[in-house]
Every structure is written in C-alpha cells, then in structure tokens.
Amino acid sequence: MQDFIKINQEDTVAVALKPLPAGTRLVVDGAKLTLLEEIPQGHKFALCAIAKDEPVIKYGARIGYAKEAVAKGAWIHVHNLRTALGEVLEYQYEPAGGELGQSEPATFMGYKRASGQVGVRNEIWILPTVGCVNSVARAIETEARAMFALDGGVEDIVAFAHPYGCSQMGDDQENTRKVLADMIHHPNAAGVLVLGLGCENSNIPVLMDYIGSYDPARIKFLQCQDFENETEEALRLIGEIYEAAVKDKREECDASGLVVGMKCGGSDGLSGITANPAVGAFSDLLISKGGTTILTEVPEMFGAETLLMNRCRDAETFEKTVKLINDFKQYFMRHDQTIYENPSPGNKKGGISTLEDKSLGCTQKSGSAPVCGVLQYAERVKEKGLNLLSAPGNDLVASTALAVSGAQIVLFTTGRGTPFATLVPTVKISSNSKLAGYKKGWIDFNAGEMAETKTKAEVAQELFAYVLRAASGEKVKSEAAGFHDIAIFKQGVTL
1191 MQDFIKINQE DTVAVALKPL PAGTRLVVDG AKLTLLEEIP QGHKFALCAI AKDEPVIKYG
1251 ARIGYAKEAV AKGAWIHVHN LRTALGEVLE YQYEPAGGEL GQSEPATFMG YKRASGQVGV
1311 RNEIWILPTV GCVNSVARAI ETEARAMFAL DGGVEDIVAF AHPYGCSQMG DDQENTRKVL
1371 ADMIHHPNAA GVLVLGLGCE NSNIPVLMDY IGSYDPARIK FLQCQDFENE TEEALRLIGE
1431 IYEAAVKDKR EECDASGLVV GMKCGGSDGL SGITANPAVG AFSDLLISKG GTTILTEVPE
1491 MFGAETLLMN RCRDAETFEK TVKLINDFKQ YFMRHDQTIY ENPSPGNKKG GISTLEDKSL
1551 GCTQKSGSAP VCGVLQYAER VKEKGLNLLS APGNDLVAST ALAVSGAQIV LFTTGRGTPF
1611 ATLVPTVKIS SNSKLAGYKK GWIDFNAGEM AETKTKAEVA QELFAYVLRA ASGEKVKSEA
1671 AGFHDIAIFK QGVTL
C-alpha cells in the first residue's frame, strides 16, 4: 500500500493514505521531504513552503488560502487553511466538450412497468399523506407482512412514515405533494396504498391533481376518518393490490433503463481519492450503455461548480446549472446562514478542511460525462445521461430526493459509515478498507482497494457488476436489515 498520494501534478499538498508519524521521510516527484508532525490518514501535508494568503492546491484546483505561513512537510488542516469562497457569483460558460462513446450493452433482471419504466424491486408501499397516520401505517405494515407471502412476486410491504402533509404553506407544502405523487409512480412500487386522514391540507382529493393518471388495480386510496375500522379496510385494499402485483415476474431488461442516484455522506480524506472517483467511473460506464445518473447535494458543489458548468452540453443547460447553484446560495442567505458553513465535524476529523476540499472530492462522482439535465427538487428525470438535482447535502433528504426523481438505486459513498436507507436500495460504498472490515453489516462495497492494489477502472467494473446484481434482486445490507426511510425537504414555516 502506498504511504501517500499526490492527486494532481499541480498540487501543493499530498494526502496520507495511512497514519504517518512525524519524522517520516518521503520522496515526492524525486524530491526528499520530512514530515514535521504526525499526519492522520486522509489528511494533507505541504509539499512545499506556502506563504500566508497563498492558495493551497489539491485536485489541481484551489481548496483555500493559507491562514499563516506553512512549512514544507507540515500538516495542513482547518488550523491553517481557510476557504476562498464568496457569495453569489457570476459565471462564464467555457465549454469543456467531450462526449462519452458507447460501450457494449448490459442487462439485468427487472420489472417492466406499463409506464415504460423499469423497476428493480416489486414492493407494495403504504404511503401516509400526513404524519398523523404514521402509526396506523406501521401497524398495517406489520399485519400485512404477516398476512401475505413475501417469498414470491411481492418482495416486501413497506410503510413510509414522515411528519408532513399538514400545517405547511407555499413551496413547503408543494414539496410534500410532489414527493408523494412521485413515490406513487415509482417503478420499484408494484402498488401503493395511499393512506390519508381526511382533514389534512394534502388530503387525497387535493393530491389527485398531482398524481394524474394511475392504474386503479395497483393504486388504492383510504381516508381513515371515513371507516370505522381503517386497518381492516386497508388490509382488504392491500389484498387487491397483492393479487395484481404477485403476478409480476422479473425479465431481462437493458441497463439503459437504469437510473442511479449518487450521494456521499460522512466523507473522509480518501472519499475524493477512492469511492467518489470509482462512482464517477461507474457513472460514465452506465451512461455509455445508455443509462442515467443523478448527482445532487448542491451545497457540496460550491467551489467545484465551474467544473460541472463547463461540462454542460449547451448554453441552456449551463444557465440552468448557474440558477441551481445561485438559488441554493440565496436559500442560505434568506435564512441568514453562512453559505460555506461546511464541512461537518466528521468530515473534518476525516481530513477535509474546507468546502472547496469537500466539493472537489464530492463532484468526482459525476465522472466525465456531459451534464444533460438539471432538475428542480421533486422533478422527475427526463434526460438520459448525467443530471444535476436541486437538493441539500443532508443524507436522508438528498437520498430521498434522488429516489423520487426516478433513481431505482442510490449509490452512497462514505468514509465513516452509516446504516440508513431511503425508499430504494441504498448501496453503501466505503472509501477505506478499515471501515469495510469494521462495519460489515453496513458496507456493501469496498472502494478502499483503490488505495491499495486495484485501479479505478477495475473497481468501477466490479461496482457496475454489483449494481446489476442488486438491480436483479440481490438485497443490499440495509434492505436485509429492514431499513427504509424517507425525509422530505423542509423549507417553510409550520403553522
């Protein structure tokens, strides 16, 4: 295993791939260097003397300015590095060009829906319209799982609790309604029981305008206040859905039908070196086969946004990306929050010092494909290829946003680990082998081998093969544990 990595030839820092004691002697680009202090794994050290207020370069780009003079071989982190970012900016479109070629087709075993979409799961979902019926939904889930066989066509019955649907205003209420409508039409759902209370703002009659056309054999509605025994009625309706859904069978589907969301959380200093680039190479591979990927967590594009903007396929997409970035900065400013109050304590402990540092690593997940689409929150994906989605960095909110925009699977890279799952299979990809070994019950795929023995291309091919297996029915760790969660983006006041 290497001791360190210099990511780009222009870099003025290198990253320790394992803990390096003070006094360690290294050779970087033919020059000798002695570490002046201990460098934790994932953290940076200076490859040359850096004067106060000079830029610090990583990934071939500026990740901030030195707060003070930094000696060659010194540790560089939050104590001596500050962000270089400002507020809302103007941008110039400078197309970087570059189209991905086509690669050999690939297939998986999925469910072809009447809508033309493809599902990777055949589940029945219980979807509350309001948080008031969450406990009822969970009780129905428990009884339905006991009543109906889940070893055949129907793979699971899941209730998705959330605290919204009432006492909301404006865009905040719109978010909830759009998310619920998107979930009702998600291809991983063989059928949905929409469970309302009756007096909420987002009641079933109101939602009908958002839902549009639907299959009445698979989408059922129950307003609890209208029935003496709502659980009994719910089980009857689920029985009707089950009769239709249990007939569904997996069949060979082209990988071009896959939509995969990409997210990182609990990152460390290796995330931008192993897991995120591996996902980026996976994204390019899927897109080369006609598939679609979605990148989100807009605040973690700040500082690397121009790299994405210049990969936009045309000026119109560029302008949408500029709006995506600046609208999110305005969102921070409206709430009197510092735009660049990131990374998190866990990120910093792992070696990430500034938002530029995090963003340049985060956007590695986008690979090299052109940006073909820009989505508003809760907007369903329309364009094949790489899409950008408006959503915050919060793990549960962003992952839910990816799923409701159409992702059948979410790839979630992490350097610190997390057990959660959203409404679709959520693949946990570790940035380091230590985490993969320590948290075997959480981690599905180890990209840490990129820092050891394997190339990015090898890891990407292995990840692609794993995703095809997961799309064909192999359960990811969080699914096997029974974890399913949604989190809707809260933007307004609560009445």
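Just so we're aligned: the sequence shown equals residues 1191 to 1685 in this note's numbering.
Glycine is no exception: its CB is placed at the ideal position from the N, C-alpha and C atoms.
Since this is a predicted model, take the numbers as computed values, not measurements.
- Excluding residues up to 5 positions away in sequence, G1232, S1457, D1458, G1459, G1605 and R1606 lie with their Cβ nearer than 7 Å to the Cβ of G1540 in the same chain.
- Approximately 6 Å separates the beta-carbon atoms of M1491 and T1553; this is inside 8 Å, confirming the contact.
- Taking one beta carbon from each stretch, the region 1338-1358 and the region 1316-1325 have 3 or more pairs nearer than 8 Å; the two touch.
- In this structure, the straight-line span from the alpha carbon of F1417 to that of G1342 is close to 31 Å.
- Between L1550 and L1485, the gap from beta carbon to beta carbon reaches 9 Å or more.
- In summary, G1306 is exposed, with fewer than 16 beta-carbon neighbours lying within 10 Å of its beta-carbon over all protein chains present.
- For V1218, the CB contacts under 8 Å within the same chain, skipping 5 residues up- and downstream, are F1194, K1196, A1204 and L1237 in chain order.
- Taking a cut-off of 8 Å for Cβ pairs, the region 1632-1641 and the region 1493-1504 do not touch, as fewer than three such pairs fall below it.
- By the CB criterion at 9 Å, T1273 and A1329 fall outside the cutoff.
- 9 Å or more divides the Cβ of L1290 from the Cβ of G1263.
- Given a length threshold of 3 residues, each whole run of the beta strand (DSSP E) inside the region 1280-1315 is given here in chain order: 1297-1302.
- By the criterion of a C-beta distance shorter than 7 Å, L1514 is surrounded in its chain by V1488, V1564, L1578 and S1580, once the five residues flanking it on both sides are discounted.
- Burial state of S1403 is exposed, judged by a 10 Å Cβ sphere holding fewer than 16 other Cβ atoms.
- Taking C-beta separations shorter than 8 Å and ignoring five residues to either side along the sequence, the partners of I1477 in its chain run L1290, T1483, G1557, A1559, K1574, G1575 and L1576, following chain order.
- By the C-beta criterion, the region 1405-1412 is judged to be in contact with the region 1378-1396, since at least 3 inter-stretch pairs fall below 8 Å.
- At the C-beta level, A1568 and N1365 come within 9 Å of one another.
- Of the other Cβ atoms in all chains shown, 16 or more fall within 10 Å of the Cβ of C1443; this residue is therefore buried.
- Between the region 1523-1537 and the region 1584-1591, the count of C-beta pairs closer than 8 Å stays below three; the two stretches do not touch.
- Per DSSP, the continuous alpha helix (DSSP H) segment holding R1367 begins and ends at G1360 to I1374.
- Secondary structure at T1482: strand, using DSSP grouped into helix, strand and coil.
- Excluding five sequence positions before and after F1350, the CB atoms of its chain that fall closer than 8 Å to its own CB belong to W1315, I1316, L1317, P1318, A1327, M1373, L1613, H1674, D1675 and I1676, given in chain order.
- Distances from the CA of G1288 to each of D1474, V1657 and S1623 were compared; the closest alpha carbon is that of D1474.
- When the five nearest sequence neighbours on each side are left out, the beta carbons in the same chain lying within less than 7 Å of the beta carbon of G1663 are those of M1299 and R1440, in order along the chain.
- A distance below 8 Å between beta-carbons, with the five flanking residues on each side excluded, links D1201 to the following residues of its chain, in chain order: L1237, I1247, K1248, Y1249 and G1250.
- It is roughly 16 Å from the alpha-carbon of A1597 to the alpha-carbon of R1659.
- A residue is called buried once 16 or more other Cβ atoms fall within 10 Å of its Cβ, and T1511 is buried on that count.
- As DSSP reads the structure, Q1192 sits in no beta bridge.
- In the same chain as K1479, and ignoring 5 residues on each side of it, the C-beta atoms closer than 7 Å to its own belong to S1293, P1295, A1296, A1445 and S1446, in chain order.
- Assigned with DSSP and collapsed to three states, N1584 falls in coil, not helix or strand.
- At a Cβ-Cβ threshold of 9 Å, V1683 and V1657 do not count as neighbours.
- At the C-beta level, V1450 and L1601 come within 9 Å of one another.
- With a minimum length of 4 residues, the unbroken runs of alpha helix (DSSP H) contained wholly in the region 1518-1592 fall at 1535-1540 and 1545-1552.
- Around the CB of H1269, fewer than 16 other CB atoms lie within 10 Å, so the residue is classed as exposed.
- In this structure, the CA atom of T1643 is about 36 Å from the CA atom of A1241.
- Looking at the DSSP output, P1245 sits in a beta bridge with Y1255.
- Rounded to the nearest angstrom, the gap between the Cα atoms of D1438 and A1256 is 60 Å.
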